[in-house]
Amino acid sequence: MLRNLKPEVVWIEGRCYRANDSPAEFNSMQEHDLYENEITFEDPDDEEDDFKVVMLDNSRYCTSFHVSKHYLGSIIGKKGAIISGIKRDTKTDIKIPKHDQTGDVVILGPAESNVKAARRRINMIIMSSRMKQTSTHFLSIPMNNADIVKEFEKFKERVLQECPNPTLEESLFIRSHKLHLTLGVMSLMDNDERIQVTNLLTEARDTIVIPLLQGHVPLKIRLKGLSYMNDDPKAINVLYGRVQEEDWAAAGLIQKLGDALVDHFYRAGFMKKEFGRENIKLHVTFINTKYRETSDVDAPQQNQTINNRKTFDGSEILEKFADYDFGVMEVTEIHLSQRHTMGPDGYYQPTCIISCKI
49 MLRNLKPEVV
59 WIEGRCYRAN
69 DSPAEFNSMQ
79 EHDLYENEIT
89 FEDPDDEEDD
99 FKVVMLDNSR
109 YCTSFHVSKH
119 YLGSIIGKKG
129 AIISGIKRDT
139 KTDIKIPKHD
149 QTGDVVILGP
159 AESNVKAARR
169 RINMIIMSSR
179 MKQTSTHFLS
189 IPMNNADIVK
199 EFEKFKERVL
209 QECPNPTLEE
219 SLFIRSHKLH
229 LTLGVMSLMD
239 NDERIQVTNL
249 LTEARDTIVI
259 PLLQGHVPLK
269 IRLKGLSYMN
279 DDPKAINVLY
289 GRVQEEDWAA
299 AGLIQKLGDA
309 LVDHFYRAGF
319 MKKEFGRENI
329 KLHVTFINTK
339 YRETSDVDAP
349 QQNQTINNRK
359 TFDGSEILEK
369 FADYDFGVME
379 VTEIHLSQRH
389 TMGPDGYYQP
399 TCIISCKI
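So for the sequence shown, our numbering puts the first residue at 49; every next one is plus one.
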């Protein structure tokens with residue numbers, strides 16, 4: 049009932065559209081039905097789009113844009129059904145590079161509104177497909193200064209010694225040099241998308257980060273206290289640390305910063321929001337069952353879902369270390385980090401780094 053009263057929405061090129069179902073559940077035919085029902089080629093208002101349409105002559109308009117090859121099959125559809133429907137409904141001609149070719153998708157139409165509508169529908173297909181992909185990158189604030197790393201190693205040692213548990217093993221702990229505050233995740237399928245997101249993050253520094261931090265630099269945050277992702281402390285998949293601003297005048301600033309950055313990338317079509325949640329969950333992962341070493345070669349841990357991972361009993365850890373203080377650090381940078389790829393310092397390899405210093 050709640051989903052019907054508050055349907056999922058998606059942002060395409062700065063505009064908000066309503067979707068009947070969660071984008072993660074679409075298949076190619078559902079995509080076609082969605083665009084048939086929700087988007088028409090008529091431009092309802094005079095809002096300025098983020099993309100440009102060029103007039104070629106009195107009867108032809110054109111726009112071109114990069115699309116990762118990963119999404120071309122979803123745009124074309126089975127036997128060309130989806131692309132044919134878009135062409136028919138918007139009265140446009142759409143040229144898509146063949147499998148062995150490089151180049152942009154080109155849309156030609158008799159009016160600017162036709163071209164814009166066709167592009168929005170293609171963008172919606174791309175977003176629908178992107179939301180189903182495993183994340184490749186994430187926005188993070190490194191939380192691995194020397195003091196916090198030292199305290200985390202002490203915490204790990206004490207937990208393993210004082211809370212012996214057959215469901216808890218050392219491999220579940222994150223490596224201390226990888227400690228980070230997660231802001232959001234995304235899937236970037238090729239170098240052009242990585243460049244685009246790099247530009248978006250650079251832009252966000254000037255339009256979001258610096259204005260929010262004005263008057264609060266240096267911003268210092270304390271990593272203190274434990275929490276977990278699910279409802280049962282005896283069956284935990286993720287145990288994480290809480291963060292809070294040291295200066296009471298800056299209280300809530302990290303939450304505002306994280307929410308604003310996620311919204312920035314969400315509106316650009318690169319990041320999704322958790323359904324039913326207004327704010328992101330700020331967390332610094334300490335223990336995660338996806339790190340569990342396994343000898344079962346037929347079911348490698350990285351391919352298991354969170355529902356069938358082997359949980360651990362964290363009730364004693366929470367009782368003994370609920371308010372553990374890991375220390376304070378200054379927020380100096382925000383990273384666009386690559387998953388599963390480490391840099392020479394032991395932290396995730398960055399695609400882009402922006403400074404939080406003014």
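A virtual CB, placed ideally from N, CA and C, is assigned to each residue, including glycine.
- Take R357, set aside five residues on each side of it, and the residues of its chain with a beta-carbon closer than 8 Å to its own are N285, T337, K338, R340, Q349, in chain order.
- Taking 8 Å as the upper bound for CB-CB distance, I124 and I170 are not in contact here, some 11 Å apart.
- If you look at Y314, you'll find it isn't in any beta strand (DSSP E); it sits in the alpha helix (DSSP H) that goes 301 to 315.
- In its chain, beyond the 5 residues on either side, M179 have a beta carbon closer than 6 Å to the beta carbon of K320.
- Look at the region 100 to 152 and you find these whole runs of beta strand (DSSP E), each 3 residues long or longer: 102 to 105, 108 to 113, 141 to 143.
- DSSP places K272 outside any alpha helix (DSSP H); the residue lies instead in the beta strand (DSSP E), whose first and last residues are 267 to 276.
- Fewer than three beta-carbon pairs drawn from the region 310 to 319 and the region 203 to 217 are found closer than 8 Å, and the two stretches are therefore not classed as touching.
- Residue environment analysis places T230 among the buried positions, since at least 16 neighbouring C-beta atoms fall within 10 angstroms of its C-beta.
- As for any alpha helix (DSSP H) of minimum length 4 sitting wholly inside the region 357 to 384, the runs are 363 to 369, ordered along the chain.
- In terms of Cβ geometry, I155 and I142 form a close pair [threshold 8 Å].
- According to the DSSP secondary-structure assignment, V154 is paired through a beta bridge with S112, K143.
- Around the Cβ of T255, a 10 Å sphere holds fewer than 16 other Cβ atoms; the residue is exposed.
- By the neighbour-count criterion, in which 16 or more other beta carbons inside 10 Å mark a residue as buried, I406 falls on the exposed side.
- Comparing C-alpha distances from K164 to each of R108, F186, Q149, V197 shows the shortest one belongs to R108.
- According to the DSSP assignment, T250 belongs to the alpha helix (DSSP H) that extends over 239 to 252.
- In the DSSP assignment, V291 falls within the unbroken beta strand (DSSP E) covering 286 to 293.
- A distance below 8 Å separates the beta carbons of V332 and M191.
- Ranking H225, E218, I196, H388 by CA distance to the CA of K204 puts E218 first.
- For F334 and F200, the gap between their C-alpha atoms comes out near 8 Å.
- With a threshold of 16 other beta carbon atoms within 10 Å, S122 meets it and is buried.
- In this structure V115 is in contact with V153, their Cβ atoms being roughly 5 Å apart against a cut-off of 8 Å.
- Here DSSP, grouped into helix, strand and coil, assigns I402 to strand.
- Between the alpha carbons of R270 and A297 lies a gap of roughly 14 Å.
- Judged by their CB atoms, L249 and C110 are not nearer to each other than the 8 Å cut-off.
- Of the residues assessed, M103 falls on the exposed side of the cut-off, its CB having fewer than 16 other CB atoms within 10 angstroms.
- Residue environment: N162 is assigned as buried (16 or more neighbouring CB atoms within 10 Å of its CB, all protein chains considered).
- Linking N239 to E251 through their CA atoms gives a straight-line distance of about 18 Å.
- Here M172 carries a helix assignment [DSSP, helix/strand/coil].
- Counting only residues of its own chain and dropping the five nearest sequence neighbours on each side, V379 has a CB closer than 7 Å to the CB of I189, L267, I269, C404.
- With respect to the C-alpha of G306, the residue from S275, K272, L261, L220 having the closest C-alpha is L261.
- Looking at the DSSP output, P190 sits in a beta bridge with H228.
- Following the DSSP letters along the chain, one finds I256 in no beta strand (DSSP E), marked with neither H nor E.
- For I335, the enclosing beta strand (DSSP E) starts and ends at 332 to 336.
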